[in-house]
Amino acid sequence: MSAGFSEMDATESKSQPLPFSIKLWPPSQNTRQMLVVRVTDNLTTKSIFTQKYGSLSKEEAEENAKKIEDAAFATANEHYEKEPDGDGSSAVQLYAKECSKQILEVLKRGPSSKDNKEVLVSEEVSAPRDTVFDISKGARSFIEAKEAEETLELLKEPGNSYTKICFSNRSFGLEAARVAEPILASIKNQLKEVDLSDFIAGRPEAEALEVMNIFSTALEGSILKSLNLSNNALGEKGVRAFGALLRSQSCLEELYLMNNGISEEAAEAVCELIPLTEKLRVLQFHNNMTGDKGAFAISKVVKRSPLLEDFRCSSTRVGSEGGVALSEALDTCTHLKKLDLRDNMFGVEAGVALSKALSKYAGLTEVYLSYLNLEDEGAMAIAKALKESAPSLEVLDMAGNDITAEAAPIVAACIAEKQHLTKLNLAENELKDEGAIQISKVLEGGHLQLKEVDMSINSIRRAGARVLARVVVQKPEFKFLNIDGNFISDEGVDEVKEMFEKFPDRLGSFDENDPEGGDDEEESGEGEGDEHELETKLEKLEVSKEE
Numbered sequence: 027m028s029a030g031f032s033e034m035d036a037t038e039s040k041s042q043p044l045p046f047s048i049k050l051w052p053p054s055q056n057t058r059q060m061l062v063v064r065v066t067d068n069l070t071t072k073s074i075f076t077q078k079y080g081s082l083s084k085e086e087a088e089e090n091a092k093k094i095e096d097a098a099f100a101t102a103n104e105h106y107e108k109e110p111d112g113d114g115s116s117a118v119q120l121y122a123k124e125c126s127k128q129i130l131e132v133l134k135r136g137p138s139s140k141d142n143k144e145v146l147v148s149e150e151v152s153a154p155r156d157t158v159f160d161i162s163k164g165a166r167s168f169i170e171a172k173e174a175e176e177t178l179e180l181l182k183e184p185g186n187s188y189t190k191i192c193f194s195n196r197s198f199g200l201e202a203a204r205v206a207e208p209i210l211a212s213i214k215n216q217l218k219e220v221d222l223s224d225f226i227a228g229r230p231e232a233e234a235l236e237v238m239n240i241f242s243t244a245l246e247g248s249i250l251k252s253l254n255l256s257n258n259a260l261g262e263k264g265v266r267a268f269g270a271l272l273r274s275q276s277c278l279e280e281l282y283l284m285n286n287g288i289s290e291e292a293a294e295a296v297c298e299l300i301p302l303t304e305k306l307r308v309l310q311f312h313n314n315m316t317g318d319k320g321a322f323a324i325s326k327v328v329k330r331s332p333l334l335e336d337f338r339c340s341s342t343r344v345g346s347e348g349g350v351a352l353s354e355a356l357d358t359c360t361h362l363k364k365l366d367l368r369d370n371m372f373g374v375e376a377g378v379a380l381s382k383a384l385s386k387y388a389g390l391t392e393v394y395l396s397y398l399n400l401e402d403e404g405a406m407a408i409a410k411a412l413k414e415s416a417p418s419l420e421v422l423d424m425a426g427n428d429i430t431a432e433a434a435p436i437v438a439a440c441i442a443e444k445q446h447l448t449k450l451n452l453a454e455n456e457l458k459d460e461g462a463i464q465i466s467k468v469l470e471g472g473h474l475q476l477k478e479v480d481m482s483i484n485s486i487r488r489a490g491a492r493v494l495a496r497v498v499v500q501k502p503e504f505k506f507l508n509i510d511g512n513f514i515s516d517e518g519v520d521e522v523k524e525m526f527e528k529f530p531d532r533l534g535s536f537d538e539n540d541p542e543g544g545d546d547e548e549e550s551g552e553g554e555g556d557e558h559e560l561e562t563k564l565e566k567l568e569v570s571k572e573e
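Our numbering puts the first residue of the sequence shown at 27, with every later residue one more than the last.
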């Protein structure tokens, strides 16, 4: 029995302008109504099921159809919220499946008796109430008072079950904020997740600050698990505008402050206004101008967050001193699963300090340490630490750190232990053929889940490219190899392409490759014989597990 949804909704979705790909979820209101009609038909028209169990009257069928659709939508939407990056196809399938299942349940129960005016609905058909109120879909736009009254009407319904609100992508003016204020105040005690990211875009500073104050006051005292204030250009003034809300939080598990213009002063305000972070699991500060002094303040927050599992402080202008402070603070976060410190100016000293914390992360699965100026010394310290910890590491990103072939044996020894690795990024280093081949060698055995390898811009020549390509192309889950921006000869490029002949989409372009580049005195030489000799020599290298 089919609820007849998937094909219809997919067709409608194609008309909706989305930035990257077609989204099949959520369905339009028109689509949901059409599904109610189809469910009604299933409950009233002749079929093998109605012949067996009996059909319903049109009135009874329509009432049950609405409840069936509501229940199926709520179940599918909850599923979609847990994987919002997908295209929604799995939610669509679940939507149809739930409808079909509940249609059968209603038919099995049979039509209600004539004497019973109350429509009987099984517990399974009783629709769970919507818990997510999201107005972020569609084009980014301003929202003013009249639209706010209409849009937020559902939040005013007595007994609503909303526990999460998302106002992202809609810019609230002062009058719209005043409309929202009493509504939010009336439901704040039931809210668990609040997303106010990008909700004042394009507003003058004075108006934006007043809007933030209004929302902060309205939500003060709520017991939130998740708060997202990203993409609002807060600065110190903005952080303090949310002071009432921030001070009242003692149970936060997730806090997002990305792309907020958080300077040293703003970081200190965050530290001051959120004193209780014992339950914090996710803390994200990407793309701010925190600097070293701001990093000291963030370090205090980190130290107070022993349960932290996901910490992101990438692109925050943190130098060596701030990097050391953050690394020492992270030493207390032994539950960490994901660490992202990309694009800062840590340097060797901070890299060595970070290695001490990394040695304690038994559950780490993703680590992003690219563009930190680690150099060989910092990279080797980190590789040694990771080798002895993080047995389930899936992502290792150390691109752009001036890592040379001298550090390759230590890095390779670390990689050898990471059999769950799915993504390896060592781009923009100086590994050359020697380093590339040593790393390729440890990838030969196992690493069956490996999907992506990036060793672009590493002064790799024909020998290193051939060995690396030959190893990864055989991995059963492999999806993409990037070795562009190197010094691979035309013959070497052709050989690599031949290895990927059956899977051309798994090999990146060679647009930036320079077959004549590099130092003429490179050991690998210009001739095919020299290349082959180097390859043979390096393939025999053993990676020491004692280093």
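Glycine is no exception: its CB is placed at the ideal position from the N, C-alpha and C atoms. Quick caveat, the model's predicted, so the values are computed rather than measured.
Does the Cβ of residue i have 16 or more other Cβ atoms within 10 Å, making it buried, or fewer, making it exposed?
i	result
residue 574	For the chain, the structure presents residues 27 to 573; residue 574 sits outside this window and is missing.
residue 303	buried
residue 216	exposed
residue 493	buried
residue 529	exposed
residue 377	buried
residue 413	buried
residue 283	buried
residue 56	exposed
residue 54	exposed
residue 101	buried
residue 444	buried
residue 454	buried
residue 419	buried
residue 402	buried
residue 306	buried
Just to confirm before moving on: does the CB-CB distance between residue i and residue j stay below 9 Å?
i	j	result
residue 50	residue 113	yes
residue 159	residue 197	no
residue 299	residue 280	no
residue 490	residue 457	yes
residue 213	residue 193	no
residue 220	residue 178	no
residue 103	residue 67	no
residue 250	residue 268	no
residue 393	residue 364	yes
residue 253	residue 286	no
residue 487	residue 506	no
residue 536	residue 519	yes
residue 330	residue 301	yes
residue 323	residue 290	yes
residue 384	residue 411	yes
residue 341	residue 375	no
residue 273	residue 246	yes
Any Cβ of chain D within less than 9 Å of the Cβ of residue i?
i	result
residue 358	Protein chains in the displayed structure number just one, and chain D is not present.
Please name the residue, chosen from the options, that lies closest to residue i on a Cα-to-Cα basis.
i	options	result
residue 538	484, 531, 98	484
residue 209	240, 320, 226	240
residue 351	478, 382, 104	382
residue 123	61, 73, 134	61
residue 496	471, 516, 513, 511	471
residue 344	389, 329, 173, 397	397
residue 191	199, 225, 170, 184	225
residue 116	125, 126, 105	105
residue 120	131, 82, 52, 89	52
Can you give me the C-alpha to C-alpha distance between residue i and residue j, rounded to a whole angstrom?
i	j	result
residue 98	residue 91	10 Å
residue 525	residue 501	13 Å
residue 449	residue 248	40 Å
residue 94	residue 164	27 Å
residue 421	residue 480	12 Å
residue 433	residue 334	31 Å
residue 603	residue 459	Coverage of the chain is limited to positions 27 through 573, which leaves residue 603 absent and any answer about it impossible.
residue 373	residue 404	7 Å
residue 439	residue 395	18 Å
residue 476	residue 467	14 Å
residue 361	residue 544	44 Å
residue 173	residue 181	14 Å
residue 319	residue 276	25 Å
residue 175	residue 207	11 Å
residue 136	residue 129	11 Å
residue 541	residue 516	6 Å
Exercise for the section: Could I get the ranges of all uninterrupted alpha helix (DSSP H) runs contained in the segment 472-553, with 4 residues as the minimum, in chain order? Expected result: 488-498, 516-525
Exercise for the section: Write down every uninterrupted run of the alpha helix (DSSP H) in the segment 140-220 whose length is 4 residues or greater and which is fully enclosed by it, in chain order. Expected result: 171-177, 200-213
Exercise for the section: Taking only runs that begin and end inside the segment 432-471, name each unbroken beta strand (DSSP E) of 3 or more residues, in chain order. Expected result: 449-451
Exercise for the section: Please specify which runs of the beta strand (DSSP E), each continuous and at least 3 residues long, are wholly inside the segment 247-276, giving them in chain order. Expected result: 252-254
Handout entry: Entirely enclosed beta strand (DSSP E) segments - the segment 335-359, minimum 3 residues
Key = 336-338
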